[in-house]
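Enquirer:
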Amino acid sequence: MEVFGNVEYIKKAIQKKYDELNKELDREIEERCEEVKAAFSKEIASLKEHFELRLENLSRQQYMKILNEEKSRAKRAYEEQREKMIGLVFEEVMKEAQKKAHTKEYINFVKVSLKGEETGSLHAVGDSDFYRKEFPKLKVEKGFAGMKFRSGDTIIDLTIDGALKSKKDSLRQLISHRLFGDV
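Quick note, the sequence shown lines up with residues 44 to 226 if you use the numbering used here.
#1: Which partner residues of Ala-241 appear in the DSSP bridge assignment?
#2: How big is the Cα-Cα spacing for Tyr-174 and Lys-191?
#3: Measure the alpha-carbon distance for Lys-108 versus Lys-118 and round it to whole angstroms.
#4: Applying the 10 Å Cβ sphere with the 16-neighbour rule, what's the burial state of Leu-165?
#5: Could you pull the start and end residues of the alpha helix (DSSP H) that Asp-69 belongs to?
#6: Please name the residue, chosen from Glu-135, Glu-126, Lys-143, Glu-51, that lies closest to Ser-219 on a Cα-to-Cα basis.
#7: For Met-44, is the classification buried or exposed, using 16 other Cβ atoms within 10 angstroms of its Cβ as the cut-off for buried?
#8: Could you check what DSSP says for Ile-198 in three-state terms: helix, strand or coil?
#9: Does Lys-180 come out as helix, strand or coil in the three-state DSSP assignment?
#10: Roughly how many angstroms separate the alpha carbons of Val-231 and Val-183, rounded to a whole number?
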């Protein structure tokens, strides 16, 4: 092949054209790399945001779970303490009530409660000999405060224990309201 003209000039022209093509190719590669980097950056940011939200959600769920468990535990402890205190109040009320069972007022209460009943046909059962003056056939039993009366299968329970037990729910609510301000 025969070449006309300045060979050096042609070489330089080819080299220049080759360099321009190389620069153009490098620029395209660099642009493509920037596009890929931008796409990856967006994807990485999206994944990072997704995992941060997921982590935040899991943290919140765990926090709420622990908080609810602690609230339940605290509520149970509060309920236990409240019941314990109400029980102590009932014990004190029972002690005071047992003292009242051996008074003239209690005997008057029993007589008023039995008004209209034939007391001679009733079998009196009391917790001590204190009542023997009023009820000579008294049978003494332990384990309660006050008096009971039996007539066949019928029992008239006028004991302090029985009265407190029959009113326990309403008394419990009253005590709870007075001590804790709740129902």
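Heads up, the beta-carbon is just placed ideally off N, CA and C, and yes, glycines get one too.
Expert: Checking against the coordinates, here is how it stands:
#1: Shown here, the chain extends from 44 to 226; a query on residue 241 therefore has no answer.
#2: Along the sequence shown, one-based indexing puts residue 174 at 131. Along the sequence shown, one-based indexing puts residue 191 at 148. Distance between the alpha carbons of Tyr-174 and Lys-191: 11 angstroms.
#3: Taking the first residue of the sequence shown as 1, we reach residue 108 at position 65. Taking the first residue of the sequence shown as 1, we reach residue 118 at position 75. Distance from the CA of Lys-108 to the CA of Lys-118, rounded to the nearest whole angstrom, comes to 15 angstroms.
#4: Position 122 of the sequence shown, counted from the start, is the residue given in the question as residue 165. Under this definition Leu-165 is a buried residue.
#5: Here residue 69 refers to the residue found at position 26 when the sequence shown is read from its first residue. DSSP places Asp-69 in the uninterrupted alpha helix (DSSP H) bounded by 50-143.
#6: Numbered from its first residue, the sequence shown carries residue 219 at position 176. For the residues Glu-135, Glu-126, Lys-143, Glu-51, the minimum Cα distance to Ser-219 belongs to Glu-126.
#7: Here the question's residue 44 lines up with position 1 in the sequence shown. Any reading at Met-44 must be qualified, since the residue scores a pLDDT of 49, below 50, and its modelled position is unreliable; no value is offered.
#8: For this step, residue 198 is matched to residue 155 along the sequence shown. Ile-198 falls in the strand class under three-state DSSP.
#9: Looking up residue 180 in the sequence shown gives position 137. If DSSP states are grouped into helix, strand and coil, Lys-180 belongs with coil.
#10: Residue 231 lies beyond the stretch modelled for the chain, which goes from 44 to 226, so this question has no answer here.
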